[in-house]
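**Q**
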Amino acid sequence: MPIGETGVRKNFRAVIEFIKSKPVQKVAVACAADEAVLKSAGIASNEKILDFIFFDNAEKIKKAAAAHKIDISRFEIIDTRSEQEAAALATAAVREGRAQILMKGHLSTGMFLKAVLDKNTGLRKSKLLSHIQVFECPITGDIKMISDGGMNLYPKYEEFCHITANAVEAFYKICGRAPKVALISAYNRANHLLRSSVDMAAARDDMKIFAGGERVPIEGPVTLDVALSARAAEKKEVRMSFEGPADIFIVPNIETGNLLGKSLLFFTKSQSAGIICGTSRPVIMLSRADNFSTKFNSMALGSLLAING
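First residue of the sequence shown? That's 5 in the working numbering, and the numbers climb one at a time after it.
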């Protein structure tokens, strides 16, 4: 896998410090008339880590910026008439090299993904695209990942393989080290009553994924407590090839990933970010309800992924 320039990075602050020393990357934002997007862009620009092109109704952007006292005079604005046009033109800007990162602003996920996945004009690279929530673990303080709580509804064997490979590649580019991967289930062994656990066991046996020349340890199906705690694994007599906590948590379906991710955000206030993997350029996809820090962290990760190829 292409890994680009690496160096161990434990948290979002380390990511930001790393990209400060690199060339400034440009973000194309589809439907940018959103307070959190504009605030994040202003701070990223002030810190000289990112530049932006905004795609939206120009007057709408200016009114949103004025309402929240955000200076957007330094940014290019492309006036668009609809969500569809904004998504298409922002995607084209990235595909053509006028920007290096694509970001979803205040528009529907379906409309955004339609532009990203277009066979002729989109940014698809891999056979399967997947969503990753990147967060700082509230216990250890280091970066962890959840996938896929945003795109693939009910993965089966082949999808689990692609989702895992995508997540490992992203983790290595972001953190600069090989991750430990856990395939999360309600059971610690394959159970024919739960199809996802059977597919996870088969995927675990067949996957051979490397990061930085090191084979990535993958365990599953395992319960969340076993993936997090060596003590839990010992008490439940589950043999693991690594001691918890895992770095990447592959969930059985979109509902589990969505609930787990939002629980972290709202119950623990964890620093978080959201990206799509499997595209030819970094793509940031977040909920319209996500706050400023989540959008800012995602922009920083997008920059790092653009730098590290």
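Yeah, the Cβ is synthetic: ideal placement off N, Cα and C, and Gly gets one too. Every value quoted in this text rests on a predicted model; they were computed, and no experiment measured them.
Assuming R254 and F116 form a contact by the criterion Cβ under 8 Å, report the distance between their Cβ atoms to the nearest whole angstrom.
**A** According to the sequence shown, residue 254 is Ile rather than Arg. Contact doesn't hold; Cβ gap of about 24 Å is too wide.
**Q** Candidates H166, F58 and M204: which alpha carbon is nearest Y191's?
**A** Closest option to Y191, Cα to Cα, is M204.
**Q** Tell me whether S151 is buried or exposed, calling it buried when 16 or more other Cβ atoms sit within 10 Å of its Cβ.
**A** With 16 or more other Cβ atoms within 10 Å, it is buried.
**Q** Could you tell me whether the Cβ atoms of F58 and I65 are closer together than 7 Å?
**A** For F58 and I65, yes; Cβs fall inside 7 Å.
**Q** Would you kindly work out how many angstroms separate the C-alpha atoms of T10 and L197, rounded to a whole number?
**A** Caution is warranted here: a pLDDT of 49 is assigned to T10, below 50, making its placement in the model unreliable, and the coordinate value is therefore given only provisionally. One C-alpha to the other measures close to 42 Å.
**Q** Quick check on M5: buried or exposed, where buried means 16 or more other Cβ atoms within 10 Å of its Cβ?
**A** Residue placement at M5 cannot be trusted, given a pLDDT of 37 that sits under 50; the coordinates are not used to answer.
**Q** May I ask you to list the residues that DSSP assigns as paired with Q137?
**A** I150 and G278, per the DSSP bridge assignment.
**Q** In its own chain, which residues sit with a C-beta less than 7 Å from the C-beta of I81, not counting the 5 before and 5 after it?
**A** Contacts found: F58, A62 and I65.
**Q** Is A45 helix, strand or coil by DSSP?
**A** Three-state DSSP puts A45 in a helix.
**Q** Based on DSSP bridge pairs, tell me the residues matched to D60.
**A** Its beta-bridge partners are D83.
**Q** Taking the alpha-carbon positions, what's the I7 to I178 distance?
**A** Low confidence applies to I7: its pLDDT is 42, below 50, so where it sits in the model is not reliable enough to give any reading.
**Q** Let's see if you can read the secondary structure: which residues bound the beta strand (DSSP E) around L187?
**A** Its beta strand (DSSP E) spans residues V185 to I188.
**Q** Between which two residues does the alpha helix (DSSP H) containing A169 stretch?
**A** Residues Y161 to C179.
**Q** With contact counted as at least three CB pairs below 8 Å, one residue from each stretch, are the stretch 212-220 and the stretch 271-286 in contact?
**A** The stretch 212-220, when compared against the stretch 271-286, does not touch it at the 8 Å Cβ threshold.
**Q** Using a Cβ-Cβ cut-off of 7 Å (strictly less than) and excluding sequence neighbours within five positions of T84, which residues of its own chain qualify?
**A** Excluding sequence neighbours, T84 sits near F59, D60, N61, A90 and L93.
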